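What follows is a set of notes on a single structure, which appears directly below.
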Amino acid sequence: MTVSPADQATANDSTRKDSDRVIVFDTTMRDGEQSPGASMSLDEKLELAKILEEMRVDVIEAGFPIASNGDFEAVLKISEIVTESTVCGLARAGVADIERCAEAIRPAKRGRIHTFISTSPVHMKWKLQMEPEAVLDAVSRSVTHARNLCDDIEWSAEDATRTERDFLRRCVEAAIKAGATTINIPDTVGYTYPSEYAEIFRDLIENVPGADKVIFSTHCHNDLGLAVANSLSGVQGGARQVEVAVNGIGERAGNAALEEVVMALKVRGDRLPYFTGVDPQHITRASRYVSAITGFPVQFNKAIVGKNAFAHEAGIHQDGMLKNAETYEIMKPEDVGQGGSNLVMGKHSGRHAFREKLKALGYELGQNALNEAFQRFKDLADKKKHVFDDDLVALVDDALASGADRIQVKHLRVIAGTEGPQQAELTVAVDGVEKSGSATGDGPVDAVFNAIHEAVPHTAILRLFQVHAVTEGTDAQAQVSVRLEEDGHIATGQAADTDTLTASAKAYVNALNNLFARKEKSAPDAIASGF
Ligand code: KIV
Ligand code: ZN
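Be aware that the sequence shown starts at 0, since it is given in the working numbering, and climbs by one per residue.
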């Protein structure tokens, strides 16, 4: 029997040294949420935190507590429910930021304050309008203040890779002296390249007093497509924490992708003798969930989690695969939680088999949610001959996304076709009270959205409408994402159904629910007081 490289890496577990363990710090909910349009609701963040914890991510950066009441509440609630991972909040180098952050992480079993300030000449001059000596002073004061409130302090030198080296060493030294336990060296603008980044870590670790007492961290942006390569190189240079985001989401071109860094370390354990505590079996589920809640599709050829990442099209490749999967696969789809046999169940499958299948896909539902999902599965199996894993994932995510919605779609009828105008009649229940709308539109989707507008008057603007087929064939479920914006608040909704127009109506209504919930909770941004 042959052993895949991933298995080989696991087999070498006994030879691992603690000093080679790489801490995985997930910033999907903080830096990831900073991607334009990628905002997540509180419930979505709580669900994502559970997935990340199950995946055994070491640190979850849950938000930027002073940025808004919504961010504060997300960090607070995640601190209340997460018990295994460390929960981290971000704070600028100001008293108000740090205290708000400390308050948000207070319930956490393990909490971390992550405070940062820019250190590069261009940032200090134009963004902060501060002299270097004042920045250095702010580093000492902010870390000292944070350390008085929490034992686990991460300090970041924003734009570190464009910072003068001597000044960077002085700032790192000041942060360590003031009590920082993790030192992050962000490549904020995605400017560095692998050998340079490794050299920065080697230099700091060798030359800064106290460097041996702290963990150094990578934080790489993908502006030149080098975020994952730079992160791995940083580890080779001595970093033992990687800051990553699921699907690589984040500011501009994004952050280093969690799934790529984790699997590169696992598959290439021969060359990169480091390891993480992450269980990669949860990767696919996390990727799908992040894609669904943000409305950001995963590109087909995306490493590890793309639809085609394990697909073999060319006849010569398929022939090799049939003889031995190792001919064209360096890891197994099952390693990252992609089901081996994909055809699952039909209308005769029972509740027990359904629950076991969901478990295998990474879902443990409570009794009510399970009953509701099972009913939806039966309805789907009546309409669709083959129910695949992807159908079940879409169905359960849909049930979880819309279960507690105040507005629910009850009835929809659409007249479409070449002879216009297209027309839609719709009934929704708003807190149990039925309301109806009827409208025409420029196409059936437009008519549906106009009918919703009639039934539930609002001023939200449609920012994204996206449809993709969950599986193949004309009976495939359509998964629809809708993003709405009203008064500066953005919310995304999604739904899946074999009827694209029903999925569109449900996704729009789900987005409206999320938008209204967000508006109820939010308050204006707070402004930090600087040191
Ligand atoms: O990219 C960056 O510099 C950041 C810091 C706040 C860590 O996200
Ligand atoms: Zn960043």
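Just so it is clear, CB atoms sit at the ideal spot from N, CA and C, and this is done for glycine as well. Just so you know, these numbers come straight off a predicted model, no measurement behind them.
Self-check item: Range covered by the alpha helix (DSSP H) that runs through Ser141
Solution: On the sequence shown, position 142 is the one that residue 141 refers to. Counting along the chain, the alpha helix (DSSP H) containing Ser141 begins and ends at Pro131 to Leu148.
Quiz item: Taking the Cβ atom as the reference point for each residue, do Val207 and Ile184 lie within a distance shorter than 8 Å?
Solution: By one-based count along the sequence shown, residue 207 stands at place 208. By one-based count along the sequence shown, residue 184 stands at place 185. No, the Cβ-Cβ distance between Val207 and Ile184 is not below 8 Å.
Quiz item: Is Glu157 near ligand 1, in the sense that its beta carbon is under 7 Å from a heavy atom of that ligand?
Solution: Sequence index remark: in the sequence shown, residue 157 carries index 158 (1-based). Distance from the C-beta of Glu157 to the nearest heavy atom of ligand 1 is below 7 Å.
Quiz prompt | Span separating the alpha-carbon of Leu135 from that of Ala210 | solution = Here residue 135 corresponds to residue number 136 of the sequence shown, with the count starting at 1. Here residue 210 corresponds to residue number 211 of the sequence shown, with the count starting at 1. The C-alpha of Ala210 is placed about 17 Å away from the C-alpha of Leu135.
Practice problem: Reducing DSSP to helix, strand and coil, say where Gly69 ends up. | Solution: If you number the sequence shown from 1, residue 69 lands on position 70. The DSSP-derived three-state label of Gly69 is helix.
Exercise. Please find out if some non-hydrogen atom of ligand 1 comes closer than 7 Å to the beta-carbon of Thr545.
Key: With the chain represented from 0 up to 530, any question about residue 545 goes unanswered, as that position is not in the structure.
Quiz item: Thinking C-alpha only, which one of Asp388, His467 and Val21 is nearest Gly268?
Solution: The residue you call residue 268 lines up with position 269 of the sequence shown. Ranking the options by Cα distance to Gly268, first place goes to Val21.
Quiz item: Do Ala393 and Gln478 have their C-beta atoms closer together than 8 Å?
Solution: Here residue 393 refers to the residue found at position 394 when the sequence shown is read from its first residue. Here residue 478 refers to the residue found at position 479 when the sequence shown is read from its first residue. Yes. Within cutoff.
Quiz item: Who pairs with Leu463 in a beta bridge, going by DSSP?
Solution: Taking the first residue of the sequence shown as 1, we reach residue 463 at position 464. Leu463 pairs with Arg482.
Quiz item: Taking just the CA atoms, how far does Arg405 sit from Asn512?
Solution: Counting from 1 along the sequence shown, the entry for residue 512 is found at position 513. Counting from 1 along the sequence shown, the entry for residue 405 is found at position 406. Spanning the two alpha carbons is a distance of roughly 7 Å.
Quiz prompt | Continuous alpha helix (DSSP H) stretch holding Gln374: start and end | solution = For the purposes of this step, residue 374 is taken as the residue at position 375 of the sequence shown. Element bounds for Gln374: Gln366 to Lys382.
Quiz item: When the Cα atoms are used, what is the spatial distance from Gly365 to Val56?
Solution: The sequence position of residue 365 within the sequence shown is 366, counting from 1. The sequence position of residue 56 within the sequence shown is 57, counting from 1. One C-alpha to the other measures close to 24 Å.
Quiz prompt | Neighbourhood of Ala5 by C-beta distance below 6 Å, restricted to the same chain and skipping five residues each side | solution = If you number the sequence shown from 1, residue 5 lands on position 6. Note on Ala5: pLDDT 45, under 50, position unreliable in the model; the coordinate value appears next. For Ala5, same chain residues with a beta-carbon under 6 Å away, outside a window of 5 residues either side, are Lys265, Val266, Met330 and Asp334 in chain order.
Self-check item: Backbone CA spacing between Ala103 and Ile182 [nearest angstrom]
Solution: Taking the sequence shown and counting its residues from 1, the one referred to as residue 103 is at position 104. Taking the sequence shown and counting its residues from 1, the one referred to as residue 182 is at position 183. Going by the C-alpha atoms only, they are around 22 Å apart.
Quiz prompt | Closer than 7 Å: Leu89 CB and nearest ligand 3 heavy atom | solution = Although ligand 3 was asked about, the structure shown includes only ligand 1 and ligand 2 as ligands.
Quiz item: Going straight from the alpha carbon of Thr283 to that of Val304, what length do you get?
Solution: If you number the sequence shown from 1, residue 283 lands on position 284. If you number the sequence shown from 1, residue 304 lands on position 305. Roughly 6 Å separates the two Cα atoms.
Quiz prompt | Three-state secondary structure assigned by DSSP to Val469 | solution = Here residue 469 is taken as the residue at index 470 of the sequence shown, counted from 1. In the structure shown, the three-state DSSP call for Val469 is coil.
Quiz item: With which residues is Met344 paired in a DSSP beta bridge?
Solution: As a working note, residue 344 is residue 345 in the sequence shown. Val386, per the DSSP bridge assignment.
Exercise. List the residues that DSSP assigns as beta-bridge partners of Val241.
Key: Counted from its first residue, the sequence shown places residue 241 at position 242. Val241 pairs with Val23 and Thr217.
Quiz item: Can you find a CB in chain B that lies within less than 8 Å of the CB of Ala308?
Solution: Although the question refers to chain B, the structure presented lacks it and comprises just one protein chain.
Quiz item: With DSSP run on the structure shown, which of helix, strand or coil describes Pro296?
Solution: Along the sequence shown, one-based indexing puts residue 296 at 297. Pro296: coil per DSSP, three-state reduction.
Exercise. Identify which residue in Tyr196, Gln407, Ser141 and Ala324 has its Cα closest to the Cα of Val455.
Key: Here residue 455 is taken as the residue at index 456 of the sequence shown, counted from 1. For Val455, the nearest C-alpha among the options comes from Gln407.
Practice problem: Could you tell me how far apart the beta carbons of Leu425 and Ala450 are, in whole angstroms, since I believe they sit closer than 8 Å? | Solution: Locating residue 425 in the sequence shown gives position 426, counting from the first residue. Locating residue 450 in the sequence shown gives position 451, counting from the first residue. Yes, Leu425 and Ala450 are in contact; Cβ-Cβ is about 4 Å, under 8 Å.
Practice problem: Can you say whether Leu321 is buried or exposed, counting buried as having 16 or more other CB atoms within 10 angstroms of its CB? | Solution: Residue mapping note: residue 321 aligns to position 322 of the sequence shown, counting from 1. Exposed: under 16 other Cβ atoms inside 10 Å.
Quiz item: Is Ser437 helix, strand or coil by DSSP?
Solution: As a first step, residue 437 must be located in the sequence shown, where it is residue number 438. Looking at Ser437 - three-state DSSP - the assignment turns out to be strand.
Quiz item: According to DSSP, which residues form a beta bridge with Ala494?
Solution: Taking the sequence shown and counting its residues from 1, one reaches residue 494 at position 495. Per DSSP, Val479.
Quiz item: Count the other CB atoms within 10 Å of the CB of Asn229; is the residue buried (16 or more) or exposed (fewer)?
Solution: Here the question's residue 229 lines up with position 230 in the sequence shown. Classification of Asn229: buried, given that the 10 Å Cβ count is 16 or more.
Quiz item: Hey, how far is the Cα of Asp222 from the Cα of Lys383?
Solution: Taking the sequence shown and counting its residues from 1, the one referred to as residue 222 is at position 223. Taking the sequence shown and counting its residues from 1, the one referred to as residue 383 is at position 384. When rounded, the distance between both Cα atoms is 43 Å.
Self-check item: From Pro296, Thr458, Asn147 and Leu411, residue whose alpha carbon lies closest to that of Val466
Solution: On the sequence shown, residue 466 is found 467 positions in, with the first residue counted as 1. Among Pro296, Thr458, Asn147 and Leu411, the Cα nearest to that of Val466 belongs to Pro296.
Exercise. Within 10 angstroms of the Cβ of Val508, are there 16 or more other Cβ atoms? Answer buried if so, exposed if not.
Key: In the sequence shown, counting from the first residue as 1, residue 508 sits at position 509. Classification for Val508: buried.
Exercise. Go through its chain and collect everything with a Cβ distance to Leu500's Cβ below 6 Å, but skip five positions before and after it.
Key: For the purposes of this step, residue 500 is taken as the residue at position 501 of the sequence shown. Same-chain partners within the cutoff: Val413, Pro443 and Val447.
Quiz item: Which partner residues of Glu519 appear in the DSSP bridge assignment?
Solution: Within the sequence shown, residue 519 is the residue found at index 520, counting from 1. In the DSSP output, where bridge partners are listed per residue, Glu519 has none listed.
Quiz item: Shortest alpha-carbon distance to Ala244 belongs to which of Val121, Ala37, Asp158 and Lys76?
Solution: For the purposes of this step, residue 244 is taken as residue 245 along the sequence shown, with counting starting at 1. Nearest option by C-alpha distance: Ala37.
Self-check item: Straight-line Cα distance separating Ser84 from Ala359
Solution: Residue 359 sits at position 360 when you count from the first residue of the sequence shown. Residue 84 sits at position 85 when you count from the first residue of the sequence shown. Spanning the two alpha carbons is a distance of roughly 23 Å.
Quiz item: Heavy atom of ligand 1 less than 7 Å from the Cβ of Asn183, yes or no?
Solution: The residue labelled residue 183 in the question sits at position 184 within the sequence shown. True, at least one ligand heavy atom lies under 7 Å from that Cβ.
Self-check item: Simplified DSSP state of Asp202, which is helix, strand or coil
Solution: Taking the first residue of the sequence shown as position 1, residue 202 is located at position 203. Here Asp202 sits in helix by DSSP.
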